[in-house]
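Structure first, then comments.
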Amino acid sequence: MPHYDLVIVGTGSGNSILDPRFAGWKTAIVEKSVFGGTCLNVGCIPTKMFVHTADVAATPSVSARFGVDEELVHVRWRDVRDRIFGRIDPIAAGGREYRLNHQDNANLTVYEGEGRFTGHKELTVSLPDRTETITADRFVLAAGGRPVVPDLEGLDQVEFHTSDSIMRLDELPARLVIMGSGFVAAEFAHVFASLGVRVTVLARSGALLRNEDEDVSARFTELAGQRFDVRLNRKALRARKTETGIALDLDDGETVEGDQLLIAIGRRPNSDLLDVAATGVDTVDSGHVKVDSYQQTSVEGIYALGDLSSRYELKHVANHEARVVQHNLLHPDERVRSDHRFVPHAVFSSPQIASVGLTEQQARQRGLKYTTSKQDYAGIAYGWAMEDTSGFAKLLADPDTGQLLGAHIIGPEAATVIQPLVQAMSFGVDAHTMARGQYWIHPAIPELVENALLNLDVPRPAR
Numbered sequence: 053m054p055h056y057d058l059v060i061v062g063t064g065s066g067n068s069i070l071d072p073r074f075a076g077w078k079t080a081i082v083e084k085s086v087f088g089g090t091c092l093n094v095g096c097i098p099t100k101m102f103v104h105t106a107d108v109a110a111t112p113s114v115s116a117r118f119g120v121d122e123e124l125v126h127v128r129w130r131d132v133r134d135r136i137f138g139r140i141d142p143i144a145a146g147g148r149e150y151r152l153n154h155q156d157n158a159n160l161t162v163y164e165g166e167g168r169f170t171g172h173k174e175l176t177v178s179l180p181d182r183t184e185t186i187t188a189d190r191f192v193l194a195a196g197g198r199p200v201v202p203d204l205e206g207l208d209q210v211e212f213h214t215s216d217s218i219m220r221l222d223e224l225p226a227r228l229v230i231m232g233s234g235f236v237a238a239e240f241a242h243v244f245a246s247l248g249v250r251v252t253v254l255a256r257s258g259a260l261l262r263n264e265d266e267d268v269s270a271r272f273t274e275l276a277g278q279r280f281d282v283r284l285n286r287k288a289l290r291a292r293k294t295e296t297g298i299a300l301d302l303d304d305g306e307t308v309e310g311d312q313l314l315i316a317i318g319r320r321p322n323s324d325l326l327d328v329a330a331t332g333v334d335t336v337d338s339g340h341v342k343v344d345s346y347q348q349t350s351v352e353g354i355y356a357l358g359d360l361s362s363r364y365e366l367k368h369v370a371n372h373e374a375r376v377v378q379h380n381l382l383h384p385d386e387r388v389r390s391d392h393r394f395v396p397h398a399v400f401s402s403p404q405i406a407s408v409g410l411t412e413q414q415a416r417q418r419g420l421k422y423t424t425s426k427q428d429y430a431g432i433a434y435g436w437a438m439e440d441t442s443g444f445a446k447l448l449a450d451p452d453t454g455q456l457l458g459a460h461i462i463g464p465e466a467a468t469v470i471q472p473l474v475q476a477m478s479f480g481v482d483a484h485t486m487a488r489g490q491y492w493i494h495p496a497i498p499e500l501v502e503n504a505l506l507n508l509d510v511p512r513p514a515r
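What follows is the structure, given as structure tokens:
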């Protein structure tokens, strides 16, 4: 039974841990699928490449307001797809070759199979031609998550897709039904609708992106209803085949049909596939592996990171946690903690959405004192240039200290425009100082942030 100093399960952010400082360690990597993890292969990177393509394709739909008449003549779907994965797939293959060739670690063994704990710090890997059980002093669990598939009558009898497969379709469908109302559903609805597909979005709740700030969610739901066939407060009772594709029978007696079906109702961590309980690792109700601030699990020497353990399920969080784990493995007497105070996220739909900190509903639920401000894109010069009449920034701040509690933006380049606010919150810069203590380029989009800060009713800090 091979024994290692360190075993890493998963090659997303976990693959970045091993560097030349581990050259003297006997190490192993276990990967059941493609090197690079969710973000590289089926998540943030290819989806954003599709989103940018969609943004380009959507230009004719709004060009007339600028006095420019355009039309979308044709979408070469296979060219779109192959441009994206023609870049992604070689990167994944290169990551695999890098590890197989031991370019950093001569004492590294790569196991290409699915691992499952069968005892305390004992992992059994199912390989193509055999199973092998390995042990280690230390484990890093970075096995990610997977899409949730609902228990829906008839679903096992129809063809459907998740985010893992929808981007590799051979043909662009004429009609797409999306089951779900979160960020995956929002992004793919934008992508396919921009490419000429008739999109139906089926949501069990009364709003899309309901975990965003309530004003942002309401505005996005309103705008989505102008682009897609949005069915709110609907539940699918059964799925069935039709002559041209699929149909979902709903609880209101109506039926929605499409050529393809995308299931986008959420994701779940792969802790059950790893059977982490067999090695004594605890999980929380959601299935995420429980970790402390050092990213260590309930078992000494076993760390976890990324979607397997993090409720954020964001690549930038996984990368941060991987750096923390790497440091703590190399310097066990000088461990550092993860910093999850101000984690931003973005939804790359149209319009874009970005958020950091508390929503207004969260502030209310916690009984916090707060003041808010809003600034419309329509109120800044570059907003006039873009003819944007729907986007805005919304800020929450402590009325006594001026410290920002939350920031939420819906509109063009939101994911970029929010970054100064992430910095302000991370480094404790109050709203008054943030607004008046620096120049803001005129007439650029960040004036949206400047004006939102100036609109906050907060005190001037004492000097």
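The sequence shown runs 53 to 515 under the numbering used here.
Note that the Cβ used here is the ideal one computed from N, Cα and C, for glycine as well.
**Asked** Going by Cα to Cα distance, which pick from D107, T90, L224 is closest to G62?
**Response** T90
**Prompt:** With a cut-off of 8 Å, do at least 3 Cβ pairs link the segment 326 to 344 to the segment 299 to 311?
**Reply:** no
**Asked** What are the start and end residues of the alpha helix (DSSP H) that includes S407?
**Response** Counting along the chain, S407 falls outside any alpha helix (DSSP H), though it belongs to the beta strand (DSSP E) covering 405 to 409.
**Message:** So, under 8 Å CB-CB, V253 and I230 are touching, yes? Tell me the CB distance rounded to an integer number of Å.
**Reply:** 5 Å
**Prompt:** Thinking C-alpha only, which one of D344, I461, P384, F394 is nearest L366?
**Reply:** F394
**Message:** Let me make sure I understand the geometry here. Which of R117, H172, I81, D57 has the alpha-carbon closest to that of W436?
**Reply:** R117
**Asked** Does DSSP classify Q347 as helix, strand or coil?
**Response** coil
**Request:** Starting from V377, follow the beta strand (DSSP E) in both directions and report where the run begins and ends.
**Result:** V377 -> not in any beta strand (DSSP E); alpha helix (DSSP H) instead, spanning 367 to 382.
**Asked** Is the CB-CB distance between T411 and D509 below 8 Å?
**Response** no
**Asked** Should K100 and F444 be called a contact, given that it needs their Cβ atoms to be closer than 8 Å?
**Response** no
**Inter-residue CB distance, P98 and I140 (contact presumed, cutoff 8 Å)** = 5 Å
**Request:** Could you tell me if F479 is buried or exposed, where buried requires 16 or more neighbouring beta carbons within 10 angstroms of its beta carbon?
**Result:** exposed
**Request:** Please say whether E465 and Q378 have beta carbons closer to each other than 8 Å?
**Result:** no
**Prompt:** What are the start and end residues of the beta strand (DSSP E) that includes D57?
**Reply:** 55 to 61
**Message:** Distance check for M219 and V94, CA to CA, integer angstroms please.
**Reply:** 8 Å
**Prompt:** Smallest Cα separation from D334: which of D311, L360, Q312, L300?
**Reply:** L360
**Request:** Check whether the segment 181 to 201 touches the segment 296 to 305, counting contact only when three or more Cβ pairs, one atom from each stretch, lie closer than 8 Å.
**Result:** no
**Asked** Taking the beta strand (DSSP E) that E264 falls in, what are its first and last residues?
**Response** That residue, E264, is in no beta strand (DSSP E); it is neither H nor E in DSSP.
**Whether L284 touches G258 by CB criterion (8 Å)** = yes
**Request:** May I ask which residues mark the beginning and end of the beta strand (DSSP E) holding T185?
**Result:** 183 to 193
**Message:** Based on DSSP bridge pairs, tell me the residues matched to F518.
**Reply:** With the chain covering 53 to 515 only, the question about residue 518 has no answer from this structure.
**Message:** Assuming contact is defined by CB atoms lying nearer than 8 Å, are V82 and A144 in contact in what I supplied?
**Reply:** no
**Message:** Let me make sure I understand the geometry here. Which of V251, Q347, S323, D344 has the alpha-carbon closest to that of D337?
**Reply:** S323
**Request:** Take the Cβ of P396 as the centre, count every other Cβ of all protein chains shown within 10 Å, and call the residue buried at 16 or more, exposed below.
**Result:** buried
**Opposing strand residues paired with I354 [DSSP bridges]** = F191
**Prompt:** Counting pairs of beta carbons, one from the segment 190 to 197 and one from the segment 341 to 358, are three or more of them closer than 8 Å?
**Reply:** yes
**Message:** Mapping the DSSP letters down to three states, classify F74 as helix, strand or coil.
**Reply:** helix
**Item:** For S100, the first and last residue of its enclosing alpha helix (DSSP H)
**Value:** The residue asked about is misnamed: residue 100 is Lys in this sequence, not Ser. Note, K100: alpha helix (DSSP H), 96 to 110.
**Asked** What does T79 pair with, by DSSP beta-bridge criteria?
**Response** L58, L160
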